[in-house]
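Data first, discussion second: the structure below is written as structure tokens.
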Amino acid sequence: MNNSSILNENFDKPGDQSLHKLWAYEFIHKEDMIIDGLDMPSSTKTFLKQHQHHDMSAFPLQCEKVVTISNNKGCIRYPSPNDDSWPCEPSHDYWGSHQHLPGEDIESVVCRGCVNTGKWGIDFSGRSEKLICIRGCSECVRKCGFIWGHYKSTNDQTVSMDRIPWIPIPNNGVQLVPENNEEGDLLRTRSIELSNQDMIETTLKKLWNYRCDYDPPHWRDFFIRVPERITKLIFEMFGFSGHINCVGDIPIDSLAQSKVNGIFEKLNKQENIYDNLLDDILEITESEYDMFDEIEDIEEIEEIEETIKRKENVKNALQVIEGIMDTDGQKMDQGKYLELCNLLRDIHQE
Numbered sequence: 000m001n002n003s004s005i006l007n008e009n010f011d012k013p014g015d016q017s018l019h020k021l022w023a024y025e026f027i028h029k030e031d032m033i034i035d036g037l038d039m040p041s042s043t044k045t046f047l048k049q050h051q052h053h054d055m056s057a058f059p060l061q062c063e064k065v066v067t068i069s070n071n072k073g074c075i076r077y078p079s080p081n082d083d084s085w086p087c088e089p090s091h092d093y094w095g096s097h098q099h100l101p102g103e104d105i106e107s108v109v110c111r112g113c114v115n116t117g118k119w120g121i122d123f124s125g126r127s128e129k130l131i132c133i134r135g136c137s138e139c140v141r142k143c144g145f146i147w148g149h150y151k152s153t154n155d156q157t158v159s160m161d162r163i164p165w166i167p168i169p170n171n172g173v174q175l176v177p178e179n180n181e182e183g184d185l186l187r188t189r190s191i192e193l194s195n196q197d198m199i200e201t202t203l204k205k206l207w208n209y210r211c212d213y214d215p216p217h218w219r220d221f222f223i224r225v226p227e228r229i230t231k232l233i234f235e236m237f238g239f240s241g242h243i244n245c246v247g248d249i250p251i252d253s254l255a256q257s258k259v260n261g262i263f264e265k266l267n268k269q270e271n272i273y274d275n276l277l278d279d280i281l282e283i284t285e286s287e288y289d290m291f292d293e294i295e296d297i298e299e300i301e302e303i304e305e306t307i308k309r310k311e312n313v314k315n316a317l318q319v320i321e322g323i324m325d326t327d328g329q330k331m332d333q334g335k336y337l338e339l340c341n342l343l344r345d346i347h348q349e
């Protein structure tokens, strides 16, 4: 299989999920490391701990950790202030020539938006560790064609490294997520990658901000603002066919946003079925465990124990199936087949 195809899936958050897949395929090593344990200047450690550089789902514990990467069966590179230049030309308010990063002895042309809202990490691939920007600000990502970073495989021994092309890593850019306390006061702001749904909603909203129903924007206005993968999604959702220029002449319906929301709501609901089922099983099991202290009848205790065991087997069987569905081929090997058969046998016998 051509290596250029392994990231061509319709990831919801392509930057984060591409990095995870490169790690899973052993192209790279990836590890969350304690920031205080790194041999780096204290100012750099303070910079890396800032909450706006961490994903919402990781706060607050992960603010003490940073993503570190290194080459394995492939090579990876992300923009770094140690390099000669940033990946795109300064062209917006966030830019400042010779922006100085904490802990760096060099001055580089680095985007202030990326410094303030980007996701940063450490690259151990070289002779010394290097500060890297794993996810840039939305403006920089857009100017780079919704690409942030590159990778390549080093497995092919018949081709010299210099002749192996770098393959782009897709990215949707950043959205800022505020977190407020119960009184509504702002506690902190973090940055997470825009999902495909976020990108569609944001772009449609911007297009309609200064337009009326009798003077709607056209799909061409949308297509020039999003990556090709989002354009393909729109074609699928609205049943478009034909050349993009012809579809671009079609006015955007004022209810387009509602249609998109409805589709994603159904997709997200389907994806959550497995998680909700497991949550129900675990919740019931925990409540039944709590009942042991209140029951004195031995037969009733044995009955509860059998119920708990059966539900745990159901949970384990669901996890096996979920693991199979997460693989690319969605095929069951002999080991998984035997494991699932044993679990189903135990459930039947109970």
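For the sequence shown, numbering that gives the first Met the number 0 begins at 0 and goes up steadily by one. Glycine included, C-beta positions come from ideal geometry on N, C-alpha and C. Keep in mind that this is a model prediction, so the values were computed, not measured.
- The secondary-structure analysis by DSSP pairs T67 across a beta bridge with E30, I121.
- Excluding five sequence positions before and after E338, the CB atoms of its chain that fall closer than 7 angstroms to its own CB belong to V319, given in chain order.
- For R141, the enclosing alpha helix (DSSP H) has its first and last residue at 137-142.
- The alpha carbon of I163 has as its nearest neighbour, out of L206, N267, N154, the alpha carbon of N154.
- Boundaries of the beta strand (DSSP E) harbouring P167: 166-169, taken from the DSSP string.
- Put simply, the backbone Cα of R228 is about 13 angstroms away from that of R141.
- Secondary structure note for K151: its beta strand (DSSP E) is the uninterrupted segment 146-152.
- DSSP places H217 within a strand segment (E or B) once states are collapsed to three.
- Contact between S79 and C132 is confirmed by a C-beta separation of about 7 angstroms, below the 8 angstroms threshold.
- C-alpha of K231 to C-alpha of K265: approximately 19 angstroms in a straight line.
- L21 and Q156 have their alpha carbons spaced roughly 19 angstroms apart.
- Checking the DSSP bridge columns, you'll see K129 partnered with D122.
- The Cβ atoms of G148 and C113 lie no closer than 8 angstroms to each other.
- Counting other Cβ atoms within 10 Å of its Cβ, H19 stays below 16 and is therefore classed as exposed.
- Between the stretch 189-201 and the stretch 166-175, the count of Cβ pairs shorter than 8 angstroms is three or higher; the stretches touch.
- Here A23 is exposed, its C-beta having fewer than 16 other C-beta atoms within 10 Å.
- N341 counts as exposed, since fewer than 16 other C-beta atoms from the protein chains shown sit within 10 angstroms of its C-beta.
- Excluding five sequence positions before and after F10, the CB atoms of its chain that fall closer than 6 angstroms to its own CB belong to Q16, given in chain order.
- In the three-state reduction of the DSSP assignment, V158 falls in the coil class, being assigned neither a helical nor a strand state.
- Residue burial is scored here from C-beta neighbours: L254 has fewer than 16 other C-beta atoms within 10 angstroms and is therefore classed as exposed.
- Between F26 and T67, the C-beta gap is not smaller than 8 angstroms, which leaves the two residues out of contact.
- The three-state reading of DSSP puts Q196 in helix, counting H, G and I together.
- Excluding five sequence positions before and after P216, the CB atoms of its chain that fall closer than 6 angstroms to its own CB belong to L206, R210, I251, given in chain order.
- Residue state for Q174 is assigned as strand, using DSSP reduced to three classes.
- For I75, the enclosing beta strand (DSSP E) has its first and last residue at 73-76.
- With respect to the C-alpha of G247, the residue from M236, R309, I223, K258 having the closest C-alpha is I223.
- For V114, the enclosing alpha helix (DSSP H) starts and ends at 111-116.
- Per DSSP, S253 has no beta bridge partner at all.
- Excluding its 5 nearest sequence neighbours in each direction, I346 has C-beta neighbours in its own chain below 8 angstroms: R309, N312, V313, A316, listed in chain order.
- About 21 angstroms separates the beta carbons of P167 and I191, which is beyond the 8 angstroms limit, so they are not a contact pair.
- For G247, the enclosing alpha helix (DSSP H) starts and ends at 243-247.
- Residue pairing by DSSP places S190 opposite L175 in a beta bridge.
- Around the CB of T45, fewer than 16 other CB atoms lie within 10 Å, so the residue is classed as exposed.
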